[in-house]
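Written below as C-alpha coordinates is the structure these notes are about.
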Amino acid sequence: MDINFVIVIFLIGFIGSFISGMVGIGGSIVKYPMLLYLPPLFGLAAFSAHEVSGISAVQVFFATIGGVWAYRKSGYLNKTLIFYMGISILIGSFLGGFGSKMMSEGTINVVYGVLAALAAVMMFVPKKGIDDVPIDQVTFNKWLAAALALVIGIGSGIVGAAGAFLLVPIMLVVLKIPTRMTIASSLAITLISSIGSTLGKITAGQVELIPSIIMVIASLIASPLGAKMGQKMNTKILQVILALLILATAIKIWVDIL
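In our numbering, the protein residues as written are 105 to 362.
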(Lines of atoms letter the chains of each structure in order from A; the text may use other names.)
(Lines give C-alpha, C1' and ligand atoms only; values in the text may rest on other atoms or scores of the structure.)
Protein backbone atom coordinates (compact mmCIF):
# COMPACT_ATOMS: atom_id res chain seq x y z
CA MET A 105 0.00 0.00 0.00
CA ASP A 106 1.38 3.44 -0.97
CA ILE A 107 0.18 7.05 -0.95
CA ASN A 108 -1.25 6.76 -4.49
CA PHE A 109 -3.39 3.82 -3.37
CA VAL A 110 -4.70 5.78 -0.36
CA ILE A 111 -5.48 8.88 -2.47
CA VAL A 112 -7.29 6.97 -5.24
CA ILE A 113 -9.41 4.90 -2.81
CA PHE A 114 -10.20 7.99 -0.69
CA LEU A 115 -11.32 10.02 -3.73
CA ILE A 116 -13.52 7.16 -4.97
CA GLY A 117 -15.13 6.98 -1.52
CA PHE A 118 -15.48 10.77 -1.26
CA ILE A 119 -17.10 11.29 -4.68
CA GLY A 120 -19.45 8.32 -4.28
CA SER A 121 -20.49 9.32 -0.77
CA PHE A 122 -21.08 12.97 -1.70
CA ILE A 123 -23.43 11.81 -4.46
CA SER A 124 -24.95 9.31 -2.02
CA GLY A 125 -25.94 12.03 0.42
CA MET A 126 -27.15 14.37 -2.32
CA VAL A 127 -29.50 12.05 -4.24
CA GLY A 128 -30.41 9.47 -1.57
CA ILE A 129 -28.48 6.43 -2.77
CA GLY A 130 -25.86 4.37 -0.98
CA GLY A 131 -23.33 5.36 -3.61
CA SER A 132 -22.49 1.89 -4.92
CA ILE A 133 -24.05 2.76 -8.27
CA VAL A 134 -21.01 5.04 -8.63
CA LYS A 135 -18.38 3.35 -6.47
CA TYR A 136 -18.80 -0.20 -7.78
CA PRO A 137 -17.55 0.60 -11.32
CA MET A 138 -15.01 3.13 -9.98
CA LEU A 139 -13.44 0.53 -7.67
CA LEU A 140 -13.54 -2.05 -10.45
CA TYR A 141 -11.97 0.06 -13.22
CA LEU A 142 -10.04 3.06 -11.79
CA PRO A 143 -7.23 1.46 -9.68
CA PRO A 144 -5.66 -0.31 -12.71
CA LEU A 145 -5.70 3.00 -14.65
CA PHE A 146 -3.42 4.46 -11.94
CA GLY A 147 -1.08 1.47 -12.01
CA LEU A 148 -2.62 -0.14 -8.92
CA ALA A 149 -3.69 -3.76 -8.51
CA ALA A 150 -7.24 -4.46 -9.66
CA PHE A 151 -9.87 -5.59 -7.15
CA SER A 152 -11.97 -8.66 -7.94
CA ALA A 153 -15.77 -8.32 -8.24
CA HIS A 154 -16.10 -10.12 -4.87
CA GLU A 155 -13.68 -7.68 -3.19
CA VAL A 156 -15.39 -4.66 -4.74
CA SER A 157 -18.83 -5.79 -3.58
CA GLY A 158 -17.47 -6.42 -0.06
CA ILE A 159 -15.78 -3.01 0.21
CA SER A 160 -18.91 -1.33 -1.20
CA ALA A 161 -21.17 -3.02 1.35
CA VAL A 162 -19.13 -1.76 4.32
CA GLN A 163 -18.71 1.73 2.89
CA VAL A 164 -22.43 2.14 2.12
CA PHE A 165 -23.25 1.44 5.78
CA PHE A 166 -21.19 4.43 6.94
CA ALA A 167 -22.17 6.71 4.02
CA THR A 168 -25.87 6.29 4.82
CA ILE A 169 -25.29 6.95 8.55
CA GLY A 170 -23.87 10.35 7.56
CA GLY A 171 -26.75 11.07 5.19
CA VAL A 172 -29.50 10.10 7.65
CA TRP A 173 -27.87 12.21 10.36
CA ALA A 174 -27.97 15.25 8.06
CA TYR A 175 -31.71 14.67 7.39
CA ARG A 176 -32.69 13.89 11.01
CA LYS A 177 -34.47 17.25 11.59
CA SER A 178 -35.76 17.80 8.05
CA GLY A 179 -39.22 16.19 8.46
CA TYR A 180 -38.65 14.10 5.32
CA LEU A 181 -37.94 10.78 7.10
CA ASN A 182 -41.18 8.72 6.77
CA LYS A 183 -41.00 6.28 9.71
CA THR A 184 -43.77 3.95 8.43
CA LEU A 185 -42.14 3.66 5.00
CA ILE A 186 -38.73 3.09 6.60
CA PHE A 187 -40.12 0.34 8.87
CA TYR A 188 -41.94 -1.70 6.20
CA MET A 189 -39.28 -1.44 3.51
CA GLY A 190 -36.36 -1.53 5.94
CA ILE A 191 -37.26 -4.86 7.59
CA SER A 192 -37.94 -6.54 4.23
CA ILE A 193 -34.77 -5.28 2.57
CA LEU A 194 -32.69 -6.29 5.60
CA ILE A 195 -33.85 -9.90 5.30
CA GLY A 196 -33.34 -9.94 1.53
CA SER A 197 -29.92 -8.27 1.58
CA PHE A 198 -28.53 -10.72 4.15
CA LEU A 199 -29.71 -13.69 2.06
CA GLY A 200 -28.25 -12.14 -1.10
CA GLY A 201 -24.98 -11.11 0.55
CA PHE A 202 -24.33 -14.53 2.08
CA GLY A 203 -25.46 -16.42 -1.02
CA SER A 204 -23.17 -14.42 -3.33
CA LYS A 205 -20.14 -16.53 -2.34
CA MET A 206 -21.67 -19.38 -4.37
CA MET A 207 -21.79 -17.21 -7.53
CA SER A 208 -19.08 -16.50 -10.11
CA GLU A 209 -17.73 -12.96 -10.68
CA GLY A 210 -19.38 -12.94 -14.10
CA THR A 211 -22.76 -13.73 -12.55
CA ILE A 212 -22.36 -10.96 -9.95
CA ASN A 213 -21.64 -8.45 -12.74
CA VAL A 214 -24.68 -9.64 -14.74
CA VAL A 215 -26.94 -9.25 -11.67
CA TYR A 216 -25.59 -5.73 -11.17
CA GLY A 217 -26.11 -4.91 -14.86
CA VAL A 218 -29.73 -6.13 -14.83
CA LEU A 219 -30.55 -4.13 -11.67
CA ALA A 220 -28.90 -0.99 -13.03
CA ALA A 221 -30.76 -1.31 -16.38
CA LEU A 222 -34.13 -1.68 -14.61
CA ALA A 223 -33.40 1.32 -12.41
CA ALA A 224 -32.33 3.42 -15.42
CA VAL A 225 -35.56 2.67 -17.33
CA MET A 226 -37.69 3.54 -14.28
CA MET A 227 -35.92 6.86 -13.70
CA PHE A 228 -37.03 8.08 -17.16
CA VAL A 229 -40.71 7.30 -16.51
CA PRO A 230 -42.60 10.61 -16.06
CA LYS A 231 -43.27 11.44 -12.38
CA LYS A 232 -45.89 14.17 -12.58
CA GLY A 233 -47.40 15.73 -9.48
CA ILE A 234 -45.65 13.62 -6.84
CA ASP A 235 -43.99 16.67 -5.29
CA ASP A 236 -47.32 18.51 -4.95
CA VAL A 237 -48.49 16.28 -2.06
CA PRO A 238 -47.79 17.73 1.43
CA ILE A 239 -45.37 15.50 3.37
CA ASP A 240 -47.94 14.92 6.17
CA GLN A 241 -50.50 13.58 3.63
CA VAL A 242 -48.32 11.02 1.81
CA THR A 243 -49.89 7.52 1.57
CA PHE A 244 -48.65 4.25 0.01
CA ASN A 245 -49.42 0.49 -0.18
CA LYS A 246 -47.48 -0.91 2.81
CA TRP A 247 -47.42 -4.57 1.70
CA LEU A 248 -46.47 -3.75 -1.88
CA ALA A 249 -43.63 -1.64 -0.48
CA ALA A 250 -42.49 -4.54 1.74
CA ALA A 251 -42.64 -7.10 -1.11
CA LEU A 252 -40.67 -4.90 -3.50
CA ALA A 253 -38.08 -4.19 -0.81
CA LEU A 254 -37.54 -7.94 -0.21
CA VAL A 255 -36.81 -8.55 -3.91
CA ILE A 256 -34.52 -5.51 -4.09
CA GLY A 257 -32.72 -6.70 -0.96
CA ILE A 258 -31.87 -10.11 -2.40
CA GLY A 259 -30.51 -8.65 -5.64
CA SER A 260 -28.62 -5.80 -4.00
CA GLY A 261 -27.16 -8.06 -1.31
CA ILE A 262 -25.53 -10.10 -4.08
CA VAL A 263 -23.63 -7.08 -5.41
CA GLY A 264 -23.11 -5.33 -2.04
CA ALA A 265 -24.95 -2.26 -3.29
CA ALA A 266 -27.62 -1.91 -0.55
CA GLY A 267 -30.29 -1.37 -3.23
CA ALA A 268 -30.93 2.38 -3.06
CA PHE A 269 -30.36 2.78 -6.80
CA LEU A 270 -33.47 0.58 -7.26
CA LEU A 271 -35.28 1.81 -4.16
CA VAL A 272 -35.36 5.42 -5.33
CA PRO A 273 -37.03 4.84 -8.74
CA ILE A 274 -39.51 2.35 -7.20
CA MET A 275 -40.45 4.82 -4.44
CA LEU A 276 -40.87 7.60 -7.02
CA VAL A 277 -42.60 5.67 -9.83
CA VAL A 278 -44.52 2.82 -8.12
CA LEU A 279 -45.23 4.12 -4.60
CA LYS A 280 -45.52 7.81 -5.65
CA ILE A 281 -43.44 9.16 -2.76
CA PRO A 282 -42.36 12.85 -3.12
CA THR A 283 -38.74 13.35 -4.19
CA ARG A 284 -37.26 14.83 -1.00
CA MET A 285 -39.05 12.26 1.21
CA THR A 286 -37.80 9.53 -1.15
CA ILE A 287 -34.21 10.76 -0.85
CA ALA A 288 -34.26 11.03 2.95
CA SER A 289 -36.22 7.81 3.61
CA SER A 290 -34.23 5.77 1.07
CA LEU A 291 -31.01 6.70 2.90
CA ALA A 292 -32.51 5.31 6.13
CA ILE A 293 -33.80 2.16 4.38
CA THR A 294 -30.41 1.72 2.70
CA LEU A 295 -28.72 2.02 6.09
CA ILE A 296 -30.86 -0.88 7.36
CA SER A 297 -30.22 -2.84 4.14
CA SER A 298 -26.47 -2.33 4.38
CA ILE A 299 -26.44 -4.04 7.78
CA GLY A 300 -27.65 -7.23 6.12
CA SER A 301 -25.37 -7.05 3.08
CA THR A 302 -22.33 -6.06 5.20
CA LEU A 303 -22.83 -8.96 7.63
CA GLY A 304 -23.33 -11.28 4.66
CA LYS A 305 -20.11 -10.15 2.98
CA ILE A 306 -18.09 -10.33 6.23
CA THR A 307 -19.46 -13.82 6.92
CA ALA A 308 -18.48 -14.84 3.38
CA GLY A 309 -14.94 -13.45 3.91
CA GLN A 310 -15.19 -10.89 1.08
CA VAL A 311 -14.19 -7.67 2.90
CA GLU A 312 -10.72 -6.10 2.37
CA LEU A 313 -9.94 -4.26 5.63
CA ILE A 314 -7.60 -1.39 4.63
CA PRO A 315 -9.52 -0.17 1.54
CA SER A 316 -12.76 -0.42 3.54
CA ILE A 317 -11.35 1.79 6.34
CA ILE A 318 -10.17 4.41 3.81
CA MET A 319 -13.60 4.43 2.13
CA VAL A 320 -15.39 4.71 5.49
CA ILE A 321 -13.36 7.79 6.48
CA ALA A 322 -14.19 9.40 3.12
CA SER A 323 -17.88 8.51 3.58
CA LEU A 324 -18.23 10.11 7.00
CA ILE A 325 -16.80 13.38 5.63
CA ALA A 326 -18.56 13.53 2.25
CA SER A 327 -22.06 12.09 2.82
CA PRO A 328 -23.34 14.83 5.19
CA LEU A 329 -21.95 17.48 2.82
CA GLY A 330 -23.86 15.91 -0.08
CA ALA A 331 -27.07 15.68 1.98
CA LYS A 332 -26.88 19.38 2.88
CA MET A 333 -26.49 20.30 -0.79
CA GLY A 334 -29.33 17.95 -1.82
CA GLN A 335 -31.75 19.69 0.56
CA LYS A 336 -31.13 22.98 -1.27
CA MET A 337 -31.31 21.71 -4.87
CA ASN A 338 -34.35 21.64 -7.17
CA THR A 339 -36.01 18.19 -7.09
CA LYS A 340 -36.05 17.94 -10.92
CA ILE A 341 -32.28 18.47 -11.01
CA LEU A 342 -31.80 15.76 -8.37
CA GLN A 343 -33.91 13.32 -10.42
CA VAL A 344 -31.94 14.07 -13.59
CA ILE A 345 -28.57 13.61 -11.84
CA LEU A 346 -29.62 10.23 -10.44
CA ALA A 347 -31.12 9.09 -13.77
CA LEU A 348 -27.94 9.95 -15.68
CA LEU A 349 -25.70 8.28 -13.09
CA ILE A 350 -27.72 5.06 -13.20
CA LEU A 351 -27.92 5.08 -17.02
CA ALA A 352 -24.16 5.65 -17.45
CA THR A 353 -23.34 2.86 -15.00
CA ALA A 354 -25.77 0.42 -16.65
CA ILE A 355 -24.23 1.10 -20.07
CA LYS A 356 -20.66 0.68 -18.76
CA ILE A 357 -21.42 -2.61 -16.97
CA TRP A 358 -23.20 -4.10 -20.00
CA VAL A 359 -20.46 -3.01 -22.41
CA ASP A 360 -17.95 -4.95 -20.30
CA ILE A 361 -20.23 -7.99 -19.86
CA LEU A 362 -20.92 -8.24 -23.60
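Ideal placement from N, C-alpha and C gives every residue a C-beta, glycine not left out.
Helix, strand or coil at residue i [DSSP, three-state]
| i | result |
| --- | --- |
| S121 | helix |
| N213 | helix |
| I281 | coil |
| F259 | It should be pointed out that residue 259 corresponds to Gly in this sequence rather than to Phe. Helix at G259. |
| F269 | helix |
| V127 | helix |
| Y180 | coil |
| G304 | helix |
| L148 | coil |
| F114 | helix |
| T243 | coil |
| P137 | helix |
| L362 | coil |
| F228 | coil |
| Q343 | helix |
| P143 | helix |
| S289 | helix |
Own chain, CB closer than 8 Å to residue i, minus 5 neighbours either side, in chain order
| i | result |
| --- | --- |
| L254 | S192, I193, I195 and G196 |
| I281 | N182, L185, I234, V242, F244, M275 and S289 |
| K332 | G125 and A174 |
| A251 | S192 |
The alpha helix (DSSP H) enclosing residue i, as first and last residue numbers
| i | result |
| --- | --- |
| G203 | K183 to G203 |
| A370 | Residue 370 lies beyond the range of the chain shown here (105 to 362); nothing can be said about it. |
| A167 | A153 to Y175 |
Minimum Cβ-Cβ distance from residue i to chain C less than 9 Å
| i | result |
| --- | --- |
| P144 | Structure shown: chain C not included; a single protein chain is present. |
Nearest-angstrom Cβ-Cβ length linking residue i and residue j, presumed shorter than 8 Å
| i | j | result |
| --- | --- | --- |
| G217 | I361 | 6 Å |
| G201 | A161 | 7 Å |
| L271 | T294 | 7 Å |
| S316 | S121 | With 8 Å as the limit, S316 and S121 do not qualify as a contact, their Cβ atoms being about 13 Å apart. |
Cβ neighbour criterion (16 or more within 10 Å) applied to residue i
| i | result |
| --- | --- |
| I258 | buried |
| V359 | exposed |
| A153 | buried |
| G238 | The sequence given here places Pro at residue 238; Gly does not occur at that position. Under this definition P238 is an exposed residue. |
| L319 | What sits at residue 319 in the sequence shown is Met, not Leu. M319 comes out buried. |
| F165 | buried |
| I111 | exposed |
| S297 | buried |
| F269 | buried |
| G210 | exposed |
| P230 | exposed |
| P144 | exposed |
Neighbourhood of residue i by C-beta, 6 Å cutoff - its chain only, sequence neighbours within 5 removed
| i | result |
| --- | --- |
| R284 | Y180 |
| M226 | P273 and V277 |
| L199 | I258 |
| I356 | Before going on, a small fix: residue 356 reads as Lys here, not Ile. Closer than 6 Å at Cβ, skipping near neighbours: P137. |
7 Å CB neighbourhood of residue i in its chain, flanking five on each side removed
| i | result |
| --- | --- |
| N338 | none |
| V214 | I361 |
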